[in-house]
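J.: Right, I'll just put the structure down here and ask away after.
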Amino acid sequence: MQLVIFDPRLGSEETAERKLLFYHPASTPLDQRVKTVGLAEAVTNLLSSFTAHDPEALHTQHGRQIFLQPEPNLWLVLLAPNQASPAVKPTAADASAKDKDSADLETLPAAEEALQDGTLMALLRRVYATLRMTCGPLSAIAEERGVDELRTLLGHVLPLLLKLVLSVVLEDPSRPDLLDMVEGMCFLPVDRRLYLRVHYLTNVLRSRHPCIQHVMVMHAEHLVWSSLTQAATQLQQAVVTMLVDESAPQWQQPVWYQQLAALLVPELQPLAPLLAETQQRMTQLEEPYRFVYFNRHNLALKSSMRAAKAGAQRMGLGAEVKLLLDRVHTDVAGGGLSGGGRLKEVVLHAGPAGWIVGRGGGSRGLYVVLDGREYAWSEVLQEVQALMQSHFSNIFLDGT
Numbered sequence: 010m011q012l013v014i015f016d017p018r019l020g021s022e023e024t025a026e027r028k029l030l031f032y033h034p035a036s037t038p039l040d041q042r043v044k045t046v047g048l049a050e051a052v053t054n055l056l057s058s059f060t061a062h063d064p065e066a067l068h069t070q071h072g073r074q075i076f077l078q079p080e081p082n083l084w085l086v087l088l089a090p091n092q093a094s095p096a097v098k099p100t101a102a103d104a105s106a107k108d109k110d111s112a113d114l115e116t117l118p119a120a121e122e123a124l125q126d127g128t129l130m131a132l133l134r135r136v137y138a139t140l141r142m143t144c145g146p147l148s149a150i151a152e153e154r155g156v157d158e159l160r161t162l163l164g165h166v167l168p169l170l171l172k173l174v175l176s177v178v179l180e181d182p183s184r185p186d187l188l189d190m191v192e193g194m195c196f197l198p199v200d201r202r203l204y205l206r207v208h209y210l211t212n213v214l215r216s217r218h219p220c221i222q223h224v225m226v227m228h229a230e231h232l233v234w235s236s237l238t239q240a241a242t243q244l245q246q247a248v249v250t251m252l253v254d255e256s257a258p259q260w261q262q263p264v265w266y267q268q269l270a271a272l273l274v275p276e277l278q279p280l281a282p283l284l285a286e287t288q289q290r291m292t293q294l295e296e297p298y299r300f301v302y303f304n305r306h307n308l309a310l311k312s313s314m315r316a317a318k319a320g321a322q323r324m325g326l327g328a329e330v331k332l333l334l335d336r337v338h339t340d341v342a343g344g345g346l347s348g349g350g351r352l353k354e355v356v357l358h359a360g361p362a363g364w365i366v367g368r369g370g371g372s373r374g375l376y377v378v379l380d381g382r383e384y385a386w387s388e389v390l391q392e393v394q395a396l397m398q399s400h401f402s403n404i405f406l407d408g409t
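Numbering (our numbering), first residue to last: 10 to 409.
Below, the structure is given as structure tokens:
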């Protein structure tokens, strides 16, 4: 996987290498770097003649490129080679939707479907958001300190950030899934007494240590409370989740981190058993449905899909079902790129793997996997309706 950052204003056709601000991996030959920038610039210039929207993805025989322009004239391009994956072959009798255009009944190309555009775009946005959180706006750095200083800064900071953000994908391209694509936040529901106690202790912590401006409380990858904005909370939760991931690279803790931990632990440690008890009660509940719910407006994410054993795919899905679920999300919600898919509902029969249902309404999306026994078409709709009544009766989400 390659990442390039460039500014088309910094060079001409004869001095194209000056446009480069960063390229990963650093061992890539210069001529290949220049070709990558030239192709990306050609695509962006061509599409600007037809639409006001920035290009988002370019598919080729050998891979794909994901484009992001987070600041004026600043482009990030992620190049992902095609990965081998099992071919999935739904038939015309197996796939259906409320819109006839919903189902592409051709065989899903194995290499093409290994990673969805939405997943790659989510990774690219996370790279930039983490970089901006660390360094601030890149355009401001170039204006205040010069372009050469910006190149030097990116050369020092980005290799570490990429090791953190992209390590999971580089080690196992099949691991990213729907949860990565939607970029939601999992909340830990707590009772009023526990919520007030969390709020009280965070206020005490900030009053005793004025250097702490914001506090975010998480437990087992679930958000309990945050004083940050929604966007900042989303980023911080993603970063914290990566830091505590056992598969993520191990980082040496600097002295200041150890000193801060010594201040925080005595004040927050009493909360740990209470939050653990709440988390345990939630995970022990027998959930008859396998679903993922996401609200794009408040970024709330709820999933009942969990791996049955350690080391397994985190949603507990087979490779074929995972790929089909990602594809259904692409049809319903636009795959996490611009948002706003073409369809309100997709119902897909995945053969022995069961049924996959995607339903969207406004900013919300619901994705259901029904397996374990044979379902008729009418039974699938009944099961989804029963799920809606039991879990989301107060939420408007209509796929009809």
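No residue lacks a Cβ here, since even glycine has one placed at the ideal position from N, Cα and C.
Computed from a prediction, not measured in an experiment: that's the story for all the values here.
So, under 8 angstroms CB-CB, valine 86 and glutamine 74 are touching, yes? Tell me the CB distance rounded to an integer number of Å.
T.: Going by Cβ atoms, the distance from valine 86 to glutamine 74 rounds to 6 angstroms, so yes, they are a contact pair.
J.: Would the segment 297 to 306 and the segment 386 to 403 be scored as touching if the rule is three or more Cβ pairs under 8 angstroms?
T.: The segment 297 to 306 is in contact with the segment 386 to 403.
J.: Out of curiosity, what's the CA-to-CA distance linking proline 282 and threonine 161?
T.: If I take the Cα positions, the gap works out to 45 angstroms.
J.: Based on the DSSP secondary-structure assignment, which residues constitute the bridge partners of leucine 12?
T.: Looking at the DSSP assignment, leucine 12 forms a beta bridge with His33, Leu87.
J.: Hey, how far is the Cα of glutamate 80 from the Cα of tyrosine 384?
T.: Approximately 49 angstroms, taken between the alpha carbons.
J.: According to DSSP, arginine 299 sits in a beta bridge with which residue or residues?
T.: Beta-bridge pairing links arginine 299 to Val378.
J.: With burial defined as no fewer than 16 other Cβ atoms inside 10 Å of the residue's Cβ, what is the status of tyrosine 209: buried or exposed?
T.: The residue is exposed, with fewer than 16 neighbouring Cβ atoms inside 10 Å.
J.: Beta-carbon separation of aspartate 16 and lysine 28 under 8 angstroms?
T.: Yes, the pair counts as a contact, with Cβ atoms nearer than the cut-off.
J.: In the DSSP assignment, the beta strand (DSSP E) including glutamine 74 goes from what residue to what residue?
T.: Element bounds for glutamine 74: 72 to 80.
J.: Given a threshold of 16 other Cβ atoms within 10 Å of its Cβ, counted over all protein chains shown, does histidine 33 qualify as buried or as exposed?
T.: The residue is buried, with at least 16 neighbouring Cβ atoms inside 10 Å.
J.: Would the segment 366 to 380 count as touching the segment 301 to 309 if we require 3 or more Cβ pairs under 8 angstroms?
T.: Touching, per the Cβ criterion.
J.: In chain order, which continuous runs of the beta strand (DSSP E) of length 3 or greater are located wholly inside the segment 164 to 239?
T.: Taking only runs of at least 3 residues, the beta strand (DSSP E) segments lying wholly in the segment 164 to 239 are 225 to 228, 231 to 235.
J.: Any chance the segment 283 to 292 sits against the segment 161 to 174, with 3 or more Cβ pairs inside 8 angstroms?
T.: Not touching, per the Cβ criterion.
J.: Once DSSP output is grouped into helix, strand and coil, what is the label at serine 399?
T.: Note: serine 399 maps to helix in three-state DSSP.
J.: What would DSSP say about lysine 353, mapped onto helix, strand or coil?
T.: The answer is coil: DSSP assigns lysine 353 none of H, G, I, E or B.
J.: Got a sec, what are the start and stop residues for the alpha helix (DSSP H) glycine 127 sits in?
T.: 126 to 144 is the extent of the alpha helix (DSSP H) around glycine 127.
J.: Distance, Cα to Cα, aspartate 335 vs methionine 397?
T.: Rounded to whole angstroms, aspartate 335 to methionine 397 spans 21 angstroms at the Cα level.
J.: When the Cα of alanine 35 is compared with those of Gly370, Leu12, Arg141, which residue comes out closest?
T.: Checked all of Gly370, Leu12, Arg141; the closest Cα to alanine 35 is Leu12.
J.: Please confirm if the segment 235 to 246 is in contact with the segment 134 to 144, defined as three or more CB-CB distances below 8 angstroms between the two stretches.
T.: Cβ pair count under 8 angstroms is three or more, so yes.
J.: Taking the alpha helix (DSSP H) that serine 148 falls in, what are its first and last residues?
T.: It spans 147 to 154 - the alpha helix (DSSP H) in which serine 148 sits, taken as one unbroken run.
J.: Can you name, in chain order, every residue of its own chain whose Cβ lies under 6 angstroms from the Cβ of histidine 306, other than the five neighbours on each side?
T.: Ser372, listed in sequence order.
J.: Taking aspartate 189 as the reference, give the member of Leu129, Asp340, Ile365, Pro361 with the closest Cα.
T.: The option with the nearest alpha carbon to aspartate 189 is Leu129.
J.: Specify the secondary structure class of asparagine 307 as computed by DSSP and reduced to three states.
T.: Asparagine 307 falls in the coil class under three-state DSSP.
J.: How would you write the range of the beta strand (DSSP E) that histidine 68 sits in, first residue to last?
T.: First-last of the beta strand (DSSP E) with histidine 68: 66 to 68.
J.: Just mark glycine 425 as buried or exposed, buried being the case when its beta carbon has 16 or more other beta carbons within 10 Å.
T.: This structure cannot speak to residue 425, because the chain is shown only from 10 to 409.
J.: Would you kindly work out how many angstroms separate the C-alpha atoms of proline 275 and glutamine 267, rounded to a whole number?
T.: About 13 angstroms.
J.: If we ignore side chains and look at the alpha-carbon of each, how far apart do serine 111 and serine 387 end up?
T.: Its pLDDT being 36, under 50, serine 111 is placed unreliably by the model, and the measurement read from it follows with that caveat. Roughly 19 angstroms between the two C-alpha positions.
J.: Over what stretch of residues does the alpha helix (DSSP H) that includes arginine 415 continue unbroken?
T.: The question about residue 415 has no answer here: the residues shown for the chain are numbered 10 through 409.
J.: Going by DSSP in three states, arginine 315 sits in which element: helix, strand or coil?
T.: Of the three classes helix, strand and coil, the one that applies to arginine 315 here is coil, per DSSP.
J.: DSSP three-state label for histidine 358, please.
T.: Strand.
J.: Residues in the same chain with beta-carbon distance under 7 angstroms from leucine 272, minus the five sequence neighbours each way, listed in chain order, please.
T.: Cβ neighbours of leucine 272 beyond the five flanking positions: His218.
J.: Please list the terminal residues of the continuous alpha helix (DSSP H) segment that includes arginine 47.
T.: Strictly speaking, residue 47 in this sequence is glycine, with arginine absent from that position. Unbroken alpha helix (DSSP H) run through glycine 47: 39 to 57.
J.: Taking arginine 368 as part of the beta strand (DSSP E), name the residues at either end of that continuous run.
T.: 364 to 370 is the extent of the beta strand (DSSP E) around arginine 368.
J.: Here's the rule I'm using: 16 or more other beta-carbon atoms within 10 Å means buried, otherwise exposed. How should aspartate 63 be labelled?
T.: Result: exposed.
J.: Grab the span of the alpha helix (DSSP H) containing lysine 331 for me, first residue to last.
T.: Run containing lysine 331: 328 to 342, per the alpha helix (DSSP H) assignment.
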